[in-house]
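In the working numbering, the protein residues as written are 39 to 266.
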């Protein structure tokens, strides 16, 4: 299955969101609404994507006691989003509770943030390393109702061997060759995402901060299409 681009609308205002949607909606159909935009504008930010004919990945990274997360997933469903993110570190019971909500959006489990490197993880969990931790979290999540795993492209090959090639991988930290890495540490290129068979490639600043966002998005889509 071809890798699909999700543009991360990590912007400061509803006006900037609308500007990007006007520019991109004929080329891109899937958009991420994250913490900044949702905290500032709530459901309005989601509705705006829908009005432009797009699908929404609501990246809230839910992490709380099971019933609270289940209640939140129920509320998220009312907004008709395609998918919502939850931290896999919330545990099996949290995912079971979220998965029991019906109807519900797709549940995508966040493993280890792509802004964290090995040294960062070691500071939090002295005996842990990135690969084994991502594998444990992903296996637990999929066993308990997660529909996909959010992880760095650096871990996808390992996870495919452990979990199966049909696993839905959602990968942030995608950067075109030569682009600034910003605060990401475990990154891959759009072409590599396609070669790995990643289902969804999440790209934000290389598109939204570009002088020509449409050209940037089209270049990334071309890179992925040519590499597949």
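Beta carbons are placed, not taken as given, at the ideal position from N, Cα and C, and that holds for glycine. Computed from a prediction, not measured in an experiment: that's the story for all the values here.
Residue i to residue j span [Cα, whole Å]
i, j, result
"residue 47", "residue 113", "21 Å"
"residue 76", "residue 96", "8 Å"
"residue 86", "residue 169", "37 Å"
"residue 89", "residue 67", "12 Å"
"residue 330", "residue 192", "One cannot answer for residue 330 here, as it falls past the ends of the chain, which runs 39 to 266."
"residue 225", "residue 242", "13 Å"
"residue 139", "residue 266", "36 Å"
"residue 248", "residue 237", "24 Å"
"residue 133", "residue 206", "16 Å"
"residue 150", "residue 57", "32 Å"
"residue 60", "residue 198", "37 Å"
"residue 263", "residue 44", "15 Å"
Per DSSP, cross-strand counterpart(s) of residue i
i, result
"residue 46", "70"
"residue 123", "146"
"residue 207", "187"
"residue 265", "The partner list for residue 265 (beta bridge, DSSP) is empty, contrary to what the question assumes."
"residue 240", "44"
Minimum C-alpha distance to residue i - residue among the options
i, options, result
"residue 258", "266, 237, 228 and 235", "228"
"residue 94", "49, 104, 83 and 101", "83"
"residue 64", "235, 91 and 71", "91"
"residue 200", "171, 71, 213 and 226", "171"
"residue 54", "263, 245 and 209", "245"
"residue 254", "142, 135 and 215", "215"
"residue 213", "240, 207 and 57", "240"
"residue 80", "51, 188, 108 and 250", "51"
"residue 137", "174, 173, 186 and 233", "186"
Per-residue burial, residue i [other beta carbons within 10 Å of its own, 16 or more giving buried]
i, result
"residue 145", "buried"
"residue 183", "buried"
"residue 40", "exposed"
"residue 73", "exposed"
"residue 261", "buried"
"residue 209", "buried"
"residue 195", "exposed"
Distance between beta carbons of residue j and residue i, contact taken as under 8 Å
i, j, result
"residue 18", "residue 110", "This structure gives no information on residue 18, because the portion of the chain shown stretches from 39 to 266."
"residue 235", "residue 203", "7 Å"
"residue 147", "residue 176", "7 Å"
"residue 119", "residue 104", "That belief does not hold up - the Cβ atoms of residue 119 and residue 104 are roughly 21 Å apart, past 8 Å."
"residue 124", "residue 251", "The pair is not a contact, with the Cβ atoms about 29 Å apart (cut-off 8 Å)."
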